[in-house]
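S.K.: Protein chains in written order, with my numbering: chain A, -13 to 470; chain B, -13 to 470.
#1: Under DSSP, the alpha helix (DSSP H) around residue 250 of chain A begins and ends at which residues?
#2: Just verifying my parser: in three-state terms, what is the DSSP assignment at residue 159 of chain B?
#3: Buried or exposed for residue 394 of chain B, please, with buried defined as at least 16 other CB atoms from any protein chain shown within 10 angstroms of its CB.
#4: Cα separation between residue 382 of chain B and residue 414 of chain B?
#5: List the endpoints of the continuous alpha helix (DSSP H) containing residue 236 of chain B.
#6: Determine the burial state of residue 182 of chain A: buried for a count of at least 16 other Cβ atoms within 10 Å of its Cβ, exposed for fewer.
#7: Expressed to the nearest angstrom, what Euclidean distance is found between the alpha-carbon atoms of residue 442 of chain A and residue 62 of chain B?
#8: Nearer than 6 Å: is that true of the beta carbon of residue 431 of chain B relative to any heavy atom of the ligand GDP?
#9: Would you say residue 366 of chain A reaches chain B, if we count a Cβ-Cβ gap shorter than 7 Å as a contact?
#10: Please classify residue 38 of chain B as buried or exposed, where buried requires at least 16 other C-beta atoms within 10 Å of its C-beta.
#11: DSSP on residue 165 of chain A, reduced to helix/strand/coil?
#12: Between the segment 371 to 386 of chain A and the segment 418 to 426 of chain A, do at least 3 Cβ pairs fall closer than 8 Å?
#13: Return the first residue and the last residue of the beta strand (DSSP E) that residue 97 of chain A is part of.
#14: Check residue 294 of chain A in the structure and name its three-state DSSP category.
#15: For residue 358 of chain B and residue 371 of chain A, what's the separation of their Cα atoms in angstroms?
#16: Please classify residue 459 of chain B as buried or exposed, where buried requires at least 16 neighbouring CB atoms within 10 angstroms.
#17: Roughly how many angstroms separate the alpha carbons of residue 316 of chain B and residue 452 of chain B, rounded to a whole number?
#18: Name the residues in the segment 177 to 189 of chain A whose C-beta lies less than 8 Å from a C-beta of chain B; which are they?
#19: Spell out whether any CB of chain B is found under 7 Å from the CB atom of residue 249 of chain A.
#20: For residue 301 of chain A, would you say it is in contact with chain B, using Cβ-to-Cβ distances shorter than 7 Å as the test?
#21: Excluding the five sequence neighbours on either side, which residues of its own chain have a C-beta within less than 7 Å of the C-beta of residue 29 of chain A, listed in chain order?
#22: Answer with buried or exposed for residue 88 of chain A, where buried requires no fewer than 16 other C-beta atoms within 10 angstroms of its C-beta.
#23: Can you give me, in chain order, the residues of the segment 317 to 328 of chain B that have a beta carbon less than 7 Å from any beta carbon in chain A?
#24: Using 10 angstroms around the beta-carbon of residue 97 of chain B, count the other beta-carbons present and answer buried if the total reaches 16, otherwise exposed.
#25: Does the separation of the CB atoms of residue 347 of chain A and residue 285 of chain B fall below 7 Å?
#26: I believe residue 430 of chain B touches residue 267 of chain B by the beta-carbon criterion, under 8 Å. Please report the beta-carbon distance rounded to the nearest angstrom.
#27: Less than 7 Å separating the beta-carbons of residue 172 of chain B and residue 214 of chain B?
#28: Which residues does DSSP list as the beta-bridge partners of residue 223 of chain A?
#29: Compare the beta carbon distance of residue 3 of chain B and residue 50 of chain B with 7 Å and say whether it is the shorter of the two.
#30: Please classify residue 308 of chain A: is it buried, with 16 or more other beta-carbons within 10 angstroms of its beta-carbon, or exposed?
#31: Is the Cβ of residue 372 of chain A closer than 7 Å to any Cβ of chain B?
#32: Cα-Cα, which of A:314, A:312, A:290 and A:313 is closest to residue 303 of chain A?
#33: Could you pull the start and end residues of the beta strand (DSSP E) that residue 192 of chain A belongs to?
#34: Quick check on DSSP: helix, strand or coil for residue 264 of chain A?
#35: Which chain B residues sit within Cβ distance under 7 Å of residue 314 of chain A?
#36: Closer than 8 Å is the cut-off here; do at least three beta carbon pairs connect the segment 113 to 127 of chain A with the segment 148 to 162 of chain A?
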């Protein structure tokens, strides 16, 4: 297949597509409502025809759209309209569209299909694509699918299902075109012509020996430009970037970025070719990863269908809110310890959120830097101490600058110089705490093999809240004699 | 050029590279220190030799590395070591390595080079690559460069420099291979063989007419598989995804993802070919965008060199801390309005951060959802109201659930049922506020053409903090009679 969609001159704009579908749906609903309201049989008939006409038009519009565009439209429609549009999509396109929609929307579409429809949809797909859908398919459909496949495909599906989510094995496909090293380019070309077409994103062929072991790759470029009489062995590239199925997908994505790859062979421990990784799978993975980072920073468990039910949304947001509740309770109890002090000087209650808030912001800045540096492999035992020193210096300097500002603010408001000094001291100490924890938390999580991005923001904010309240109210208690 | 790096069998691990360089550097420093400490001339000589030997070894190691790998190593080294390694890199590789390093690190490297070195480095690059470096180059180097280029390249560089940062024009390159429609594939192939090699990421040739207008594209696949006697016009794909230089880069990136493109032509208003966009430029752009989203969420102005000076870091973090300071002052004054109430019941001071904190978390969840949906084009005037209703329902339900928990907590701690009810009411109201503002803020920013991602988290937190304190302390003041 070519990767050239045969339908759009300039690239399609999702908003244009959506406008078109929505305006047809609106006409359809308008008519449906009319039919519903007016119970006269004559009207019913006429309106029913108009109604059908809109649906037919919608049908044509959808047929002309690229599957990825249909997917975007489905994601942007509320559940009722979504299922109406989904019914209008040709059954043989169901599989490819299911692959394109987000997890949450896929779930809603699959729920509306029976086992036969699902089986038919899955059978239009490649093994690696079926594996991508599998987590959302009912067990009986997967069983039926496994039985319907031939031995090689069944084995591939089973192994594809066995790879962990963030591994190269889960991203790779099986569309590799292989040739032998001992033939001429001319022979290889004749073989290709018999295939009629090459898989998407084929920029190189894989050269394997009799046992399926990878000997090199033959870029299509060389096949085109080199002498047809030459042997594959003499023209192929022997030093190749290869991956293992169990490799981390993030590392593979970085290798694709660094070396500007379009496709790369995946080999097993004995160097036998088992699959291929393509840049489009890598791009999807990068997008999905950056999405899930953003979601977890905001405290969402997973991608949410914006039109999912209220109850589903509550569940999705539950986990982080619960953690946040615990940290808020702790902060509350820290303040509770100092109720006496606050009773003596109520101004402290008004000032304390400043210390906690700016500490949280500064801690989040530090932790984001460190999480990124860890992800990019920039942190090394040798330079970790340098980083610590730097972050602590930044915090100390910021503490002096911002601390004197908040101190001045407190002094001007309440006319007590000692209160200003306590604010300044507390601010500096809380920024130092934020810096130390902002470096330590992700480094420790990394050391113990956890993803430092997940929950780091919640953790650092918890520390700077409770810590900030403790430092500020503690200092105020110590120096209460001068504050009264 | 092939995109197959000729050096690594399995993909290189940045940590291995870094380990190797660091251990050589460590040996080097060790020796340098010894030389420094022992002032005997004999030792000096011997150690000096050993010292040179380590540097020579480092030289070899660096020469064998892919430019992208050298870039990663430079980013992970503190300034002193970084410049030492940079000096060891062959001058003719300076240009390609400067392209690969992050903006902040590039700045530090460029600062260490004189005009002649910079000019020499830039002259090894393509026009579009020079344009990428240009913002960091001194004005006199750019002038010298413009003078050294031929007329076509100068015109290209000037137009490349004129495109805004997030446009297709800024991402595109000029490595297009063009053919005519009226020749046979055989003739086209002969022409290609004369070129000897094709630019990276060439998966299609561009078919243009006499005036340079795009008539179609010829995928390399078709060139390989179709009858060599056929005319280009009969084999080429005429419906092509094309871009304009002024198109938004984000839209282009989404089109690459949707249609799994490897390269695409960029045309002007009269459909004349002006450049080409490739998937590697798109991948870099996606990575950079998701990075800058994360940075702005955390309140960092830009990508930071983790080893930059303390003063530079303070400046980078300054802007958001200042905004945060203003919002914290406002929240503090809101509390200040209720000092009387807090004076009567100090427990309120301990409980108020719970209301503000959970409101902020919930608001950030909503705003993240909406920002993503806007970016994906999922929000449409027709469904905006549905979204509002849904988010408000989720907030109301969460308010009841979490509100009763915090209410119970307050009641158990302080033994006052009315305090529990005030907590529950304040929590529900603050979550509703968070939902309304979490939907409205990004929608309004989007409507007025601003990027809804930037600063949204700071804004929503400001609203839920000040709003939460106001609601909670206001309710407490109203019902003080029952709380005393």
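Don't be surprised by glycine CBs; every beta carbon is placed ideally from N, CA and C.
M.R.: Looking at the coordinates:
#1: As a first step, residue 250 of chain A must be located in the first chain, where it is residue number 264. Looking at the DSSP string, residue 250 of chain A is not in any alpha helix (DSSP H); the run it does join, the beta strand (DSSP E), is 249 to 253.
#2: Within the second chain, the letter at position 173 stands for residue 159 of chain B. Strand, per DSSP.
#3: Taking the first residue of the second chain as position 1, residue 394 of chain B is located at position 408. Result: exposed.
#4: Taking the first residue of the second chain as position 1, residue 382 of chain B is located at position 396. Taking the first residue of the second chain as position 1, residue 414 of chain B is located at position 428. Distance between the alpha carbons of residue 382 of chain B and residue 414 of chain B is about 6 Å.
#5: Working through the second chain from its first residue, we reach residue 236 of chain B at position 250. Here the alpha helix (DSSP H) through residue 236 of chain B covers 235 to 245.
#6: Mapped onto the first chain, residue 182 of chain A falls at position 196. It is exposed - the Cβ of residue 182 of chain A has fewer than 16 other Cβ atoms within 10 Å.
#7: Against the first chain, residue 442 of chain A aligns to sequence position 456. Against the second chain, residue 62 of chain B aligns to sequence position 76. If I take the Cα positions, the gap works out to 22 Å.
#8: No copy of the ligand GDP appears in this structure; indeed no ligand is present at all.
#9: The sequence position of residue 366 of chain A within the first chain is 380, counting from 1. Closer than 7 Å to some Cβ of chain B, the Cβ of residue 366 of chain A qualifies, so yes.
#10: Working through the second chain from its first residue, we reach residue 38 of chain B at position 52. Exposed.
#11: Here residue 165 of chain A refers to the residue found at position 179 of the first chain. Strand, per DSSP.
#12: yes
#13: Residue mapping note: residue 97 of chain A aligns to position 111 of the first chain, counting from 1. Unbroken run through residue 97 of chain A is the alpha helix (DSSP H), 89 to 97; no beta strand (DSSP E).
#14: Numbered from its first residue, the first chain carries residue 294 of chain A at position 308. Three-state DSSP puts residue 294 of chain A in coil, outside helix and strand.
#15: The sequence position of residue 358 of chain B within the second chain is 372, counting from 1. The sequence position of residue 371 of chain A within the first chain is 385, counting from 1. Residue 358 of chain B and residue 371 of chain A have their C-alpha atoms spaced approximately 37 Å apart.
#16: For this step, residue 459 of chain B is matched to residue 473 along the second chain. Buried is the label assigned to residue 459 of chain B, since at least 16 other Cβ atoms lie within 10 Å of its Cβ.
#17: Walking along the second chain from the start, residue 316 of chain B turns up at place 330. Walking along the second chain from the start, residue 452 of chain B turns up at place 466. Looking at the two C-alpha atoms, the distance is approximately 7 Å.
#18: 178, 179, 181, 182, 183, 184, 186, 187, 188 and 189
#19: Translated into the one-based positions of the first chain, residue 249 of chain A becomes position 263. Closer than 7 Å: no.
#20: For this step, residue 301 of chain A is matched to residue 315 along the first chain. Answer no: the Cβ-Cβ gap between residue 301 of chain A and chain B never drops below 7 Å.
#21: Against the first chain, residue 29 of chain A aligns to sequence position 43. Note that residue 29 of chain A scores a pLDDT of 48, beneath 50, so its modelled location is shaky; the value from the coordinates is reported in the next line. Closer than 7 Å at Cβ, skipping near neighbours: no residue.
#22: Your numbering for residue 88 of chain A matches position 102 in the first chain. Buried, by the Cβ-count rule.
#23: Here the close residues are 317, 318, 321, 322, 325 and 328.
#24: Walking along the second chain from the start, residue 97 of chain B turns up at place 111. Exposed.
#25: Numbered from its first residue, the first chain carries residue 347 of chain A at position 361. Numbered from its first residue, the second chain carries residue 285 of chain B at position 299. Contact: yes.
#26: The count along the second chain starts at 1 and reaches residue 430 of chain B at position 444. The count along the second chain starts at 1 and reaches residue 267 of chain B at position 281. No, residue 430 of chain B and residue 267 of chain B are not in contact; Cβ-Cβ is about 33 Å, not under 8 Å.
#27: One-based indexing of the second chain puts residue 172 of chain B at position 186. One-based indexing of the second chain puts residue 214 of chain B at position 228. Contact flag set, yes.
#28: Mapped onto the first chain, residue 223 of chain A falls at position 237. Answer is A:203.
#29: As a position in the second chain, residue 3 of chain B is number 17, starting the count at 1. As a position in the second chain, residue 50 of chain B is number 64, starting the count at 1. Their beta carbons are not under 7 Å apart, which means residue 3 of chain B does not touch residue 50 of chain B by this criterion.
#30: Against the first chain, residue 308 of chain A aligns to sequence position 322. Label assigned to residue 308 of chain A: exposed.
#31: Counted from its first residue, the first chain places residue 372 of chain A at position 386. Yes, residue 372 of chain A counts as interfacial toward chain B.
#32: Taking the first residue of the first chain as position 1, residue 303 of chain A is located at position 317. Nearest C-alpha to residue 303 of chain A: A:290.
#33: For the purposes of this step, residue 192 of chain A is taken as the residue at position 206 of the first chain. Here the beta strand (DSSP E) through residue 192 of chain A covers 190 to 194.
#34: In the first chain, counting from the first residue as 1, residue 264 of chain A sits at position 278. It is a strand residue.
#35: In the first chain, the residue the question calls residue 314 of chain A occupies position 328. Chain B residues near residue 314 of chain A: 339, 340, 343 and 344.
#36: Contact between the segment 113 to 127 of chain A and the segment 148 to 162 of chain A is present, because at least three Cβ pairs lie under 8 Å.
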